[in-house]
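> Protein chains in written order, with our numbering: chain W, 119 to 577; chain C, 7 to 739; chain X, -19 to 264.
Ideal Cβ positions, reconstructed from N, Cα and C, are used throughout, including at glycine.
1) Mind checking the region 511 to 541 of chain W against chain C and listing, in chain order, the residues whose C-beta falls within less than 8 Å of any C-beta there?
2) Counting only runs that start and end within the region 324 to 394 of chain W, where is the beta strand (DSSP E) found for 3 or more residues in a row?
3) Let me know the secondary structure DSSP gives residue 523 (chain C) once reduced to three states.
4) Could you tell me whether the region 34 to 41 of chain X touches the region 232 to 251 of chain C, using the rule of 3 or more Cβ pairs below 8 Å?
5) Considering residue 281 (chain W), what are the terminal residues of the alpha helix (DSSP H) in which it resides?
6) List, in chain order, every chain W residue whose beta-carbon is nearer than 9 Å to that of residue 75 (chain X).
7) Does residue 221 (chain X) get closer than 8 Å to chain C when you measure Cβ to Cβ?
8) May I ask which residues mark the beginning and end of the alpha helix (DSSP H) holding residue 161 (chain C)?
9) Does the CB of residue 137 (chain W) have a neighbour CB from chain C at under 8 Å?
10) Measure the Cβ-Cβ separation of residue 6 (chain C) and residue 279 (chain C) and say whether it is below 8 Å.
11) Look at the Cβ atom of residue 648 (chain C), then the Cβ atom of residue 253 (chain C), and state whether they are nearer than 8 Å.
12) Within this structure, are the beta carbons of residue 502 (chain W) and residue 424 (chain W) separated by less than 8 Å?
13) Determine whether the Cβ of residue 177 (chain W) lies closer than 8 Å to any Cβ atom of chain D.
14) If I follow the unbroken beta strand (DSSP E) through residue 265 (chain C), where does it start and stop?
15) Touching or not, the region 282 to 294 of chain W and the region 307 to 323 of chain W, by the rule of three or more beta carbon pairs under 8 Å?
16) What did DSSP end up calling residue 424 (chain W) once you bin it into helix, strand or coil?
17) Please classify residue 571 (chain C): is it buried, with 16 or more other beta-carbons within 10 angstroms of its beta-carbon, or exposed?
18) Check whether the region 69 to 81 of chain C touches the region 4 to 19 of chain X, counting contact only when three or more Cβ pairs, one atom from each stretch, lie closer than 8 Å.
19) Who does residue 282 (chain C) pair with in a DSSP beta bridge?
20) Report back the beta-carbon spacing between residue 385 (chain C) and residue 180 (chain C) to the nearest angstrom; my notes put them in contact at under 8 Å.
21) Give me the residue from C:229, C:74 and C:67 with the minimum Cα distance to residue 61 (chain C).
22) Beta-carbon of residue 217 (chain C) versus every beta-carbon of chain X: anything under 8 Å?
23) Residues in the region 719 to 737 of chain C with C-beta within 7 Å of chain X's C-beta atoms, listed in sequence order?
24) Taking just the CA atoms, how far does residue 710 (chain C) sit from residue 451 (chain W)?
25) Can you round the beta-carbon distance between residue 411 (chain W) and residue 465 (chain W) to whole angstroms, since I take them to be within the 8 Å contact cut?
26) Could you pull the DSSP bridge partners for residue 221 (chain W) from this structure?
27) Check the Cβ-Cβ distances between residue 316 (chain W) and every residue of chain C, and say whether any is below 8 Å.
28) How many angstroms separate the CA atom of residue -7 (chain X) from the CA atom of residue 384 (chain W)?
29) Return the bridge partner residues of residue 9 (chain X) from the DSSP annotation.
30) Can you name the residues of chain X whose CB is closer than 7 Å to the CB of residue 182 (chain W)?
31) What does residue 14 (chain X) pair with, by DSSP beta-bridge criteria?
32) Hey, is residue 208 (chain C)'s beta-carbon within less than 8 Å of any beta-carbon in chain X?
33) With a threshold of 16 other CB atoms inside 10 Å of the CB of residue 689 (chain C), please say whether the residue is buried or exposed.
34) What does the Cβ neighbour count give for residue 544 (chain C), buried or exposed, with the cut at 16 atoms within 10 Å?
35) Between which two residues does the alpha helix (DSSP H) containing residue 152 (chain X) stretch?
36) Between the region 377 to 397 of chain W and chain C, which residues of the former have a C-beta closer than 7 Å to a C-beta of the latter?
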């Protein structure tokens, strides 16, 4: 199966994609409104929490961390989707990424923004969050560079700024297309400003290619290191269930996993909503499914490495392992394992690899599994740490925590929806490259074949 | 030092100015926001330096042990209480209850003005009006028609109180301490000749305690705790051994080398069994213990024969020992007999004169503590029921809370004509009064106190204010009594402006006897006395213990049969912080986990796991504990440290009044106690209430400090323990 | 702020693991708690509330696990399946162990918890942003977080109760972590007084609130570096060394006959509190 049809005219590509930027239908507004309402609920929860203290989240000693950290890691994980597609697959010359990496990259950016919010929401004194930054101060204090949380701060800043840059830079040719094809209005003004005067000259393209590649090469180790650093929040501590050296690759694998699953979800939605069937084809969907399955297996292997480490580790880790499987968190733990290790096997079968309803459901389940996985890393260690007197098997997050977590999904949805209506969610110029390449390649092959048939060699 | 120096003036300057400064320092930006002003001292005193603490000595009033405290005072307010190192009783240490004394003082629910009841409401009135009202109510009332109900009192307050009552010819001073070792005292008197000898725990090699919670709430826990520490370090390097015999584990039991769960009421039988096993008894004693062989005793008590032998062997091998009796006496209708049997053990072991000694005697009998328990309350109750009393005064006691409901004390109290309560808070008894007169807190008041248990030497404790009074509307009890006495026209008192003056004069009058014969200047002696906070009487004589054989008339009943309808025996447990409930409105104590169950802010009923399994009860089940005289609904806690035939509910909670920190927390087991009395003394037998338990179907999560695995170390080395054969204590310092 | 402080501050900022006999000079505050003397009475815990302005959180919040007792008395039973706990219970006062290599110190993102020159683990309230990583890493879980605004919205000290507050100790607002400080306010005052007199603090001159209250004198506290101090003598008699995570005496065949030990010593946080095992008489 070819990834996309070879004979799509470039003008058609423009039209199809630009059509997605038209004024939205009613359903869009309804969903956007709901998303904003959910965000409103979260904001209300946060205001309540800010005023009363974190106690409203139903934290206690020892449950010092809860859904905020779990969601933080989840969103950082989700952000690896874009990097995977944009950067890693770009370097591997996997062309099938081209129609889909734009929205994936947008997903990355918005995931990171959401994750950043969780850092703030999690802190006891948000108004002093800037203490974590190395800013000039009278006390001559630096933040503590030994702390993984601080590395988080650095890493996320870097990653976020790089992702935004990458997304933006990669969009410039498309923004130029938008600019050129838009009637006057606020949109045209916006695109004109953002396109930075792109004209598509040879020189600009060459610079563009180099820049894009550079950022891509920079972004890959950054993505790996960001999630490794987030993993270090746990791996560098000495709590049972956390102090496991395989955590950095395990988290990165989980991140890629989570990202791929989210890509499938959004793929299906965008394909349907914007009628991108020509670009977000079944062939690509199939490839994504297989990739997801592969990553799922890598993740499954790594999670079993974690289980083995815990089982054969010291008595505390061993005990925690048993608690996870049989204690108060057992239902969630088993659900997590099921969703993340068993459900992906659906993707092994060809007939499901392009079955839209199945894939939609599966992708959501996979992400549910991954969200649960983050929670199952955070919570059980608190419930059953080293010290038995302080174990607490009965502490659950309050509605405030849930409100903010759901709000984050609303926030992400809101940002993504706004993005899709302002910026092209399919990379027009890259799709054109695919068609062009194919066209050119096909033409070349045809020409060679013709010449061969005519008995003359290729020059 | 300035001769005009008057402590009160000093405090006035210190306190008032200090409070203003304190307030401004304490609020969040109150000064900056202009809400409060900083008031500079007009005339500061020499040793009042901002940010430097000054310590004043006084006496803790949280229980009757009479420990001496030092209050840390800064800028005119007392911040924290420490122990006074000079007191032979507590030697610089305090218990948690003592630490909470500041919360008694600063409690937001203190009564601030005299309150007169009009219907259901209380109307604030002035002191003049209050005194006038009392005078009016007392007009034409004879001495027999007046009742004065107090808790334990001693020192000059007791003297003044006595004088006030004498001015009417009133003999109706009822002393009711809800928790008091009354039966023990009576038994001691019979066995040793004194009510409270001195116990030298630190000289004993073995302490065998029959329910005496000496590390918790029995008699003088801070003193005993210190002695206990020395006891564990050992006499001649041999660590002391503690054996605790009781039906419900107290904190002392939790620290025992061997805790023996004994069938409720059979402690006396066990004591006789041990005497029998010792094999050294002769004559009358031998005859008394003849039937108490190991097998019979083991059957009756539940303690194995092997264990009895071990105890006997240990007591023989390690002398001197010390045998104490506590709840074994207070709990049962045959409590006196139990106590007699247990005290007999001390005699047989030869402990009398060694670890049981005569205490020093304070040579002022009128100042000695007045004690009393249910007998006194019953007498009062009867009189109230008969409508005998036209005026009832109540001070330092809360019978509406602590009296068993079956006594119907609340109803009977209503029959008194005019009820006056001298109170710090609107507790249950004050709520029933017609007139509530607000008292200075224990940290604001003057007085002297003679401790109920005298440690080494004789001492009189001084109580002095640690700061100027917080609420201008309160008065010291002594001041109130003085005003009331003056109403009676007593000429002797007209020269005393206030209780302070009376006290000072009384102390100086006896300067010689109080160790001040070498100090010529009265002022200097007085200031030194205040400064020390204790008056030691070095030459005081010691009581002599008569070596009476307590075997005569000893007759212990067989173990009680189990009532089919009410199969469980209720043990209302006294814990160290809450005691009889007088301190429940101190939040530190409410939040201080119970040492055995770690439960806070609530009541519970302890049930042995075997019994709980039988009844299908798990932790957190709300169960109804029903006796003949009422029932309470309380959360269940499965607890291995209790005899399966007994259950235990702590006392002290279940207040229906007494402020925001006390009201509405827990249940009050006092209310459902059966009216069973010790046959000899007539005091309430606290453990004789028979109850049954039924589930209500509700379940709650018990609020406690321990985690889900309770007291389990989960195989970790958190609190390992060594046995004496493995440990080397010789190198310890 | 300069590059030079990046290097200069750090050597003091991050105290190295204990090394050799004298990790701190001239003071290293340490404690020894005799569990055979500890009766579990809770006097120390209440004294700590009084001294350090600890909020009483009330029933609901305590039920929710949000208690603020810097010092907690733990009660353990023997796990031997007998019908009664007839060998008594075991009590353990657990408080911040002031670890020399504290797991909490390394992970605070803003450096709100550090090691002081006199060997304490410090908690700087006004630097804390409330990430709670320190408490996550604490193996003893002796760090307590202000989940609520106790002085203001919770009004834990209603009028007149606020007069009891110790002016030497900060009243913490919401969002900061707190824990036992070995009554640092008393230590600083004593150190400063001694310094003005040109000497060092003598043993017994300063007591922590818990030590001062304890009726059985189970708690010893003092300067581990001072060879005359009681706590130094106790550590030495028990052959427990601060800078080891395995004590030589434990390597002896049959184990040691000395009572001193530290909790979670093998995790190598190098705690500054030595406990002495409870003892039980076998003759009974």
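Quick answer:
1) 511 and 512
2) none
3) One-based indexing of the second chain puts residue 523 (chain C) at position 517. If DSSP states are grouped into helix, strand and coil, residue 523 (chain C) belongs with coil.
4) no
5) Position 163 of the first chain, counting from 1, holds the residue named residue 281 (chain W). Element bounds for residue 281 (chain W): 266 to 299.
6) The count along the third chain starts at 1 and reaches residue 75 (chain X) at position 95. Per Cβ cutoff of 9 Å: no residues; residue 75 (chain X) is ~13 Å from chain W at best.
7) In the third chain, residue 221 (chain X) corresponds to position 241, counting from 1. Output row for residue 221 (chain X): interface = no.
8) The residue you call residue 161 (chain C) lines up with position 155 of the second chain. First-last of the alpha helix (DSSP H) with residue 161 (chain C): 161 to 174.
9) Taking the first residue of the first chain as position 1, residue 137 (chain W) is located at position 19. Residue-level contact by beta carbon fails for residue 137 (chain W) and chain C, as no gap is shorter than 8 Å.
10) Beyond the ends of chain C as shown, which are 7 and 739, falls residue 6 (chain C); an answer cannot be given.
11) By 1-based counting over the second chain, the position of residue 648 (chain C) is 642. By 1-based counting over the second chain, the position of residue 253 (chain C) is 247. Taking a C-beta distance under 8 Å as the contact criterion, residue 648 (chain C) and residue 253 (chain C) qualify as a contact pair.
12) Locating residue 502 (chain W) in the first chain gives position 384, where the first residue counts as 1. Locating residue 424 (chain W) in the first chain gives position 306, where the first residue counts as 1. Cβ atoms of residue 502 (chain W) and residue 424 (chain W): not closer than 8 Å.
13) As a matter of chain content, chain D is missing from the structure shown, whose protein chains are W, C and X.
14) Your numbering for residue 265 (chain C) matches position 259 in the second chain. Looking at the DSSP string, the run of the beta strand (DSSP E) that includes residue 265 (chain C) is 264 to 267.
15) As far as the Cβ criterion goes, the region 282 to 294 of chain W touches the region 307 to 323 of chain W, which means the pair count is three or higher.
16) Translated into positions along the first chain, residue 424 (chain W) becomes position 306. It is helical.
17) Here residue 571 (chain C) refers to the residue found at position 565 when the second chain is read from its first residue. Residue 571 (chain C) comes out exposed.
18) Counting Cβ pairs under 8 Å, fewer than three are found: no touch.
19) Here residue 282 (chain C) refers to the residue found at position 276 when the second chain is read from its first residue. DSSP output for residue 282 (chain C) lists no bridge partner at all.
20) Numbered from 1 along the second chain, position 379 holds the residue referred to as residue 385 (chain C). Numbered from 1 along the second chain, position 174 holds the residue referred to as residue 180 (chain C). About 6 Å; that satisfies the 8 Å criterion.
21) Residue mapping note: residue 61 (chain C) aligns to position 55 of the second chain, counting from 1. Taking only the C-alpha atoms, the option nearest residue 61 (chain C) is C:74.
22) Taking the first residue of the second chain as position 1, residue 217 (chain C) is located at position 211. False, the Cβ-Cβ gap to chain X never drops below 8 Å.
23) 719, 724, 725, 726, 727, 728, 729, 730, 731, 732, 733, 734 and 737
24) By 1-based counting over the first chain, the position of residue 451 (chain W) is 333. By 1-based counting over the second chain, the position of residue 710 (chain C) is 704. Their Cα atoms are separated by approximately 28 Å.
25) Reading the first chain from its first residue, position 293 is the one you call residue 411 (chain W). Reading the first chain from its first residue, position 347 is the one you call residue 465 (chain W). At roughly 4 Å, the Cβ-Cβ gap stays under 8 Å, so residue 411 (chain W) and residue 465 (chain W) are in contact.
26) Your numbering for residue 221 (chain W) matches position 103 in the first chain. Answer is none; residue 221 (chain W) lacks a bridge partner.
27) What you label residue 316 (chain W) is simply residue 198 of the first chain in a count that begins at 1. False, the Cβ-Cβ gap to chain C never drops below 8 Å.
28) Position 13 of the third chain, counted from the first residue, corresponds to residue -7 (chain X). Position 266 of the first chain, counted from the first residue, corresponds to residue 384 (chain W). Low confidence applies here, because residue -7 (chain X) scores a pLDDT of 47, under 50, leaving its location unreliable; read the following figure in that light. When rounded, the distance between both Cα atoms is 48 Å.
29) As a first step, residue 9 (chain X) must be located in the third chain, where it is residue number 29. In DSSP, residue 9 (chain X) forms a bridge with X:203.
30) Position 64 of the first chain, counted from the start, is the residue given in the question as residue 182 (chain W). Here the neighbours are 112, 115, 116 and 125.
31) Along the third chain, one-based indexing puts residue 14 (chain X) at 34. Assignment of beta-bridge partners to residue 14 (chain X) by DSSP yields X:256.
32) As a working mapping, residue 208 (chain C) is identified with position 202 in the second chain. Output row for residue 208 (chain C): interface = no.
33) Here residue 689 (chain C) refers to the residue found at position 683 when the second chain is read from its first residue. When all chains shown are included, residue 689 (chain C) counts as buried.
34) Taking the first residue of the second chain as 1, we reach residue 544 (chain C) at position 538. Label assigned to residue 544 (chain C): exposed.
35) Against the third chain, residue 152 (chain X) aligns to sequence position 172. Per DSSP, residue 152 (chain X) belongs to no alpha helix (DSSP H) and is neither H nor E.
36) Residues passing the 7 Å Cβ filter: none.
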